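Undergrad: What follows is a structure written as structure tokens; I'll ask about it next.
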Amino acid sequence: MDRIRTRALGDPSDPKTRMVPLTKLNIIIIIIIIIIIIIIIIIIIFCDRQTRLRKKTEEH
């Protein structure tokens, strides 16, 4: 009885209360975040290449 009560209250010492189940929604959100991060990295790399090319053309 005490164990159920502490788990319901969210006892941080109980390892089962700290685990978050991965539902389909959580997995979809994680995948979307990873895709957004990859897109941001690609944009940063592309912009960096464009500025390097611009600097090279201005020098010549």
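Residues in the sequence shown are numbered consecutively from 0, following numbering that gives the first Met the number 0. Where is the CB? At the ideal position from N, CA and C, for every residue including glycine. Remember, it's a predicted structure, so these values are computed and weren't measured experimentally.
Measure the alpha-carbon distance for F45 versus I39 and round it to whole angstroms.
TA: The count along the sequence shown starts at 1 and reaches residue 45 at position 46. The count along the sequence shown starts at 1 and reaches residue 39 at position 40. Cα-Cα distance, rounded: 10 Å.
Undergrad: When DSSP labels each residue in this structure, what does L24 get in the three-state scheme?
TA: The residue labelled residue 24 in the question sits at position 25 within the sequence shown. If DSSP states are grouped into helix, strand and coil, L24 belongs with the helices.
Undergrad: Out of curiosity, what's the CA-to-CA distance linking M0 and K23?
TA: Within the sequence shown, residue 0 is the residue found at index 1, counting from 1. Within the sequence shown, residue 23 is the residue found at index 24, counting from 1. With a pLDDT of 46 at M0, under the threshold of 50, the modelled position of this residue cannot be trusted, and the question is left open.
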